[in-house]
Amino acid sequence: MKSEILNNEFRPQAITPSMYQEIYQSRSDAFAVEHNPFAPCDFAEFSKIMDNFSVNLAEVYSAKGLKWVITQDEKILAVLGISQINKMMKTAEIGHQVNPKLRGMGIGTKAVFALINHVFANSDLRKLIATISDNNIPSCKIVEKIGFKQEGLLRKHFLINGEQRLATLGFKNMLTRTALTPFSLAI
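Quick note on our numbering: the sequence shown kicks off at 14 and runs consecutively.
What follows is the structure, given as structure tokens:
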């Protein structure tokens, strides 16, 4: 199954309301809850939040954030997004979440690489940033494989489940257009 998934080209696609339930359930996964600062909400509230995201990079500076999915055979492999968009600096923060049933298969690396290529090909953003909790080792490995470099540490940056993360990697990984070799991901 792994080679079947990884042999297909990944393209970020629009999230539809019919996908909300699956995404909502995956964000409730124990690993996701442990490593991500999700605000608790019920499904109705989550749906309203999702309705506010755009997929159109032409709206990059007017949207609150943009979100996409990577799918195969109508199954969500990963949810991807950009937020914290700074028009003046032309920067944004990336985020990703791999389907809990498919972690450890290289999907995250390939999906994040597809996101980066999509953003750089369709916007004038010049730098993408990943801020990752220091104990989220799989996510740190994903961005490091792609070529992000650690540039700093933000202590007590995240508040996850009421707990301050003491050594959160913040502005940890930054990638600029010139640092990316398009479509050269090898897993």
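Yeah, the Cβ is synthetic: ideal placement off N, Cα and C, and Gly gets one too. Just so you know, these numbers come straight off a predicted model, no measurement behind them.
Between the alpha carbons of residue i and residue j, how many angstroms are there, rounded?
i: A124; j: F44; result: 19 Å
i: F161; j: Y37; result: 28 Å
i: I127; j: D55; result: The question names Ile, yet the displayed sequence has Ala at residue 127. If I take the Cα positions, the gap works out to 30 Å.
i: D64; j: P30; result: 8 Å
i: D137; j: N148; result: 32 Å
i: V156; j: M101; result: 25 Å
i: I28; j: V73; result: 16 Å
i: I150; j: S75; result: 32 Å
i: E22; j: G165; result: 33 Å
i: C153; j: E47; result: 15 Å
i: V68; j: M118; result: 26 Å
i: L70; j: Q26; result: 12 Å
i: R139; j: I120; result: 25 Å
i: S146; j: N49; result: 8 Å
i: I159; j: P53; result: 31 Å
i: F66; j: G94; result: 9 Å
So residue i is in the beta strand (DSSP E); what residue range does that whole segment cover?
i: T104; result: 104-111
i: K123; result: First-last for K123: 120-135, but that is the alpha helix (DSSP H), not the beta strand (DSSP E).
i: T29; result: Where T29 is concerned, there is no enclosing beta strand (DSSP E), given that its DSSP letter is neither H nor E.
i: N99; result: 88-99
i: K114; result: Premise fails: K114 is in no beta strand (DSSP E) and is neither H nor E.
i: L76; result: First, the residue type needs correcting, since residue 76 is Ala and not Leu in the sequence shown. From DSSP, A76 is part of no beta strand (DSSP E); its letter is neither H nor E.
i: A143; result: 140-145
Closest by CA to residue i, which one among the options?
i: F133; options: Q34, E58, A105; result: A105
i: E58; options: I145, N49, Q34; result: Q34
i: K103; options: L115, P113, L141; result: L141
i: S41; options: K80, Q110, R24; result: Q110
i: K88; options: L115, A52, K80; result: L115
Contact check, residue i vs residue j under 8 Å by CB: the rounded distance?
i: G78; j: S96; result: 4 Å
i: I107; j: A143; result: 5 Å
What span of residues does the alpha helix (DSSP H) with residue i cover, start to end?
i: S152; result: 150-159
i: I36; result: 33-39
i: A71; result: Where A71 is concerned, there is no enclosing alpha helix (DSSP H), given that its DSSP letter is neither H nor E.
i: A229; result: With the chain covering 14 to 200 only, the question about residue 229 has no answer from this structure.
Grab me the residues of residue i's own chain with a C-beta within less than 7 Å of its C-beta, minus the 5 sequence neighbours each way, in chain order.
i: F196; result: Low local confidence applies: a pLDDT of 33 at F196 is under 50, so the model's placement there is unreliable, and no value is given.
i: T84; result: Q26, L90
Would you say residue i lies against chain C (beta-carbon separation less than 8 Å)?
i: S39; result: Looking at the structure shown, chain C is missing, and only one protein chain is on hand.
Can you find the residues in the same chain that come closer than 8 Å, C-beta to C-beta, to residue i, ignoring five residues on each side of it along the sequence?
i: P113; result: S39, D42, F44, A45
Leaving aside the five residues before and after residue i along the sequence, list all residues of the same chain whose C-beta is less than 6 Å from its C-beta, in chain order.
i: V92; result: I36, V82, Q110
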